[in-house]
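Going by my numbering, the letters in the sequence shown line up with residues 17 to 266, in that order.
See structure below.
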Amino acid sequence: MSAQPTEQEPRFPIPETRMWREAGSVDTREGLMVDLRVHRQSPFEQPAEWLEAVRRFRAWVLYDNGSRPSFRVADTHYVDAQSLDLGSYHLIAYLEGSAEIAGCVRLAPPKLAPRFQTRRHLGDREYADMLANMQVPALSVFEAGRLATAPELQGQGLGSWMVNAVVAAGHALGASLLLSTSGTDQGQHLLFGRFGWQAFPDTDKFSAHYQDTVRVIAHRLSLGPTAAELRRHMDNLSAEGTTHIQGMRL
């Protein structure tokens, strides 16, 4: 028998069959309408309620109906708590008028570089060599990661929009380079490639945790039309660590 979560443990807040799908309230004929919130989790405080919800959402998506079993520890208890979440910016998308998470992506600032997933994937020496070869100062390198979109919304442009949003946020925060790791077995790296991310195939390594071949990718912060539009709404992000963009059509 699997262990049951205790009453103190937060439960995944989004049902397997999502309420707005049951109600038939998502009309995608003219594109999804999305609200975007950006929050930064203080590294000196306990994870906020919104971050715990993001972590459970990510784990539910990454669990992928059991293909990555390590993301679920009980029948309905999903876990993806990473130390890199603390001190990072989190971009969270909601369908307009809904409080349910539709997608998310994380943006880690340079001061968290010792915990970057790209650095752990490559090792310290290879990571330093890569930055030296790309001729970028380490203090302007951010890391994007943990991109996840609700399965029933995949293929409708939300993932692409979130990739553009994290590029826009990096630009607003003064990044000169974004790094990330990407799975390859399901073509996730191809999604990033459509928006100017450069892949490094010689960094491919199989991950038992993700059940996927993972590689390092990078973006030099050139803004396409969607990223440029999002960037115009993020002028306050650096000073305030948060922003809210309402009613964007994908």
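Beta carbons: idealized from backbone N, C-alpha and C, even for Gly.
Model, not experiment: these values are computed from the prediction.
In this structure Arg135 is not in contact with Gln227, their Cβ atoms being roughly 22 Å apart against a cut-off of 8 Å. Considering only Trp76, Leu123, Ala64 and Asp101, the residue with the shortest C-alpha distance to Ala184 is Leu123. Following the DSSP letters along the chain, one finds Thr134 inside the alpha helix (DSSP H) bounded by residues Gln133 to Leu138. Nearest in C-alpha terms to Phe216, of all of His225, Ala224, Ser223 and His205, is His205. For Met250, the secondary structure class from DSSP, reduced to helix, strand or coil, is coil. For Val232, the closest alpha carbon among the candidates Gly139, His55 and Ser99 is that of Gly139.
Apart from the 5 residues on each side of it in sequence, Trp213 sits with its Cβ closer than 6 Å to the Cβ of Ile233 and His235 in its chain, given in chain order.
Membership of Phe60 in any beta strand (DSSP E) is not indicated, and neither H nor E is assigned to it by DSSP. Taking the C-beta atoms as reference points, Leu52 is found nearer than 8 Å to Ala181.
With the rule of 3 Cβ pairs closer than 8 Å, the region 149–156 does not count as touching the region 91–111. Under the DSSP assignment, Val183 falls in the alpha helix (DSSP H) whose first and last residues are Leu174 to Ala188. Residues of the same chain with a CB within less than 8 Å of the CB of His55, apart from the 5 flanking positions on each side, are Ala64, Trp66, Leu67, Tyr105, His106, Ile108, Gly257 and Thr258 in chain order. Per DSSP, the beta-bridge partners of Gly161 are Arg122. A straight-line Cα-Cα distance of about 12 Å links Ala90 and Tyr79. Note that the region 68–76 touches the region 93–100; at least 3 beta-carbon pairs, one per stretch, sit closer than 8 Å. For Ser196 and Gly82, the gap between their C-alpha atoms comes out near 24 Å.
Under the three-state reduction of DSSP, Phe208 is assigned to helix.
Apart from sequence neighbours up to five positions away, the residues of its chain that approach Phe222 with a beta-carbon distance below 8 Å are Asp228, Thr229 and Val230, ordered along the chain. In the same chain as Lys127, and ignoring 5 residues on each side of it, the C-beta atoms closer than 8 Å to its own belong to Gly103, in chain order.
Taking Leu189 as the centre and dropping the five residues before and after it, the same chain places the C-beta of Tyr105, Leu123, Pro125, Phe158, Leu253 and Ser254 closer than 8 Å to its C-beta, in chain order. According to the DSSP assignment, Ser223 belongs to the beta strand (DSSP E) that extends over Gln214 to Ser223. In the structure shown, Val89 falls within a strand segment according to DSSP collapsed to helix, strand and coil. Straight across, the Cα-Cα distance linking Glu142 with Thr200 is about 20 Å. Close CB contacts of Ala129 within its chain, under the 8 Å cut and outside five residues either way in sequence, are with Arg135, Ala154, Val157 and Glu159 (chain order).
Between Gln133 and Leu100 a beta carbon distance of about 7 Å is seen, short of the 8 Å cut, so the two are scored as contacting.
Burial state of His187 is buried, judged by a 10 Å Cβ sphere holding 16 or more other Cβ atoms.
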